[in-house]
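Just add 168 to wherever you are in the sequence shown, counting from 1, and you've got the numbering used here.
Here a beta-carbon is modelled for each residue, glycine too, at the ideal position from N, C-alpha and C.
Report on the following structure.
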Amino acid sequence: MAPQLDAARASVVASHPVPGSDPQDSRTRDKVIRLLLENGQLTALELGKHLGLSPAGVRRHLDALSEQGRVTCRDAAVRGPRGRGRPARAFVLTEFGRAAFPHTYDDMAAAALRHIARLGGPDAVAAFADEQVTKLEARCEQALADAGDDAFARAEALAQALSEQGYAATASALASGGQLCQHHCPVAHVAAEFPQLCEAETAAISRLAGSHVQRLATIAHGDGVCTTYIPGPSGVQAHKHEPELLTAKPQRLATGRNSTQEPATTTTSGGTNA
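Here you go:
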């Protein structure tokens with residue numbers, strides 16, 4: 169396992185730098201991720217000892233990694249008798265944080281879907297995709313229960329729920345509705361070969377949002393962000409608290425790879441160009 173771990177370390181530093189305000193921040197956050205991978209969980213104090221930083225300095229990096237969805241915190245596992253007082257908080261990698269390290273899951277998943285396609289054809293792949301998305305949909309439903317009918321509010325609630333599942337999602341308001349952007353796709357490599365995965369996900373977003381939606385771009389198709397337009401009620405603006413977003417018409421780049429794009433006139437409930 170040691171050679172694989174060394175390769176993972178080199179890969180993260182060379183190919184997957186963690187975004188920071190400057191190169192030094194990025195290198196420090198790479199080290200934080202490597203330490204969490206190797207140790208499973210560490211407190212801010214323990215990380216500080218490894219890095220030669222104060223707890224406050226470490227927390228600045230942990231806060232940034234948490235906002236990116238790469239780390240999360242929980243009560244630290246206690247070794248030996250538990251003392252009095254509140255348990256220490258430990259930090260661990262999320263699935264999104266682990267995704268920066270090399271693995272063969274995508275290749276294995278693609279091979280499994282090819283096997284399903286050979287045995288049952290495209291419909292069997294679609295049925296498998298629907299079953300997988302149903303599990304994700306169930307985890308997101310509760311987050312939308314209190315969002316109301318406002319398109320932006322629903323997009324924002326859905327973005328938060330998807331981020332908790334590793335999609336690093338955000339929401340923005342448009343003049344006629346809300347826009348959901350997924351900055352990470354856990355199945356992008358496989359979905360590039362099997363668009364049924366994107367189609368099933370789009371249909372699930374439509375059901376969760378309670379309206380027809382339009383998938384404008386997907387990472388699997390080569391775009392930088394998976395972008396979905398969620399229309400608001402007819403004749404109703406998306407979000408009264410964000411006039412600066414409502415008055416500016418979103419622009420679509422020629423490449424189609426920016427996260428804010430202008431939706432077409434019509435919408436669909438399930439189709440996509442994955």
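- According to DSSP, Gln347 shares a beta bridge with Ser340 and Tyr397.
- In the three-state reduction of the DSSP assignment, Ala268 falls in the coil class, being assigned neither a helical nor a strand state.
- Secondary structure at Gln333: coil, using DSSP grouped into helix, strand and coil.
- Secondary structure note for Phe259: its beta strand (DSSP E) is the uninterrupted segment Arg257 to Leu261.
- Residue Gly345 holds the alpha-carbon nearest to the alpha-carbon of Ala323 among Gly345, Tyr335, Gly334 and Gln333.
- Thr196 and Ala224 have their C-alpha atoms spaced approximately 14 angstroms apart.
- Between the segment 387-396 and the segment 357-373 there are three or more C-beta pairs closer than 8 angstroms, enough to call the two in contact.
- Per the Cβ contact rule, the segment 217-237 is in contact with the segment 256-274 (3 or more Cβ pairs under 8 angstroms).
- Across the structure, Ala343 and Leu213 are spaced so that their CA atoms are roughly 47 angstroms apart.
- For Gln364, the closest alpha carbon among the candidates Tyr335, His389 and Gln310 is that of His389.
- In the three-state scheme derived from DSSP, where H, G and I count as helix and E and B as strand, Arg238 is classed as coil.
- When rounded, the separation of the alpha-carbon atoms in His229 and Ala292 is 45 angstroms.
- Note on Asp318: 16 or more other CB atoms within 10 angstroms of its CB, so buried under the neighbour-count rule.
- Residue range Gln382 to Ala385 is occupied by the beta strand (DSSP E) that includes Ala385, with no alpha helix (DSSP H) assigned at that position.
- The C-beta of Arg307 has fewer than 16 other C-beta atoms within 10 Å across all chains shown, which makes the residue exposed.
- Counting along the chain, Val358 sits inside the alpha helix (DSSP H) bounded by residues Ala356 to Ala359.
- Just measuring C-alpha positions, the residue of Ala385, Cys349, His218 and Arg375 sitting nearest Ala327 is Cys349.
- Closest by C-alpha distance to Asp198, out of Arg242, Thr211, Ala256 and Phe269, is Phe269.
- Annotation: Pro363 is outside any alpha helix (DSSP H) and is labelled neither H nor E by DSSP.
- In terms of CA proximity to Glu361, Ala297 leads the group Gly334, Leu304 and Ala297.
- Asn207 has its alpha-carbon roughly 17 angstroms from the corresponding atom of Gly220.
- Distance from the CA of Leu204 to the CA of Gln300, rounded to the nearest whole angstrom, comes to 29 angstroms.
- Per DSSP, reduced to three states, the secondary structure at Leu221 is coil, with no helix or strand assignment.
- Close CB contacts of His218 within its chain, under the 7 angstroms cut and outside five residues either way in sequence, are with Leu203 (chain order).
- In this structure, the straight-line span from the alpha carbon of Leu376 to that of Gly400 is close to 14 angstroms.
- Beta-bridge analysis with DSSP links Asp243 to Arg257.
- DSSP lists Phe259 as the bridge partner or partners of Leu210.
- Take the alpha-carbon of Ser379 and the one of Ile373: they are about 9 angstroms apart.
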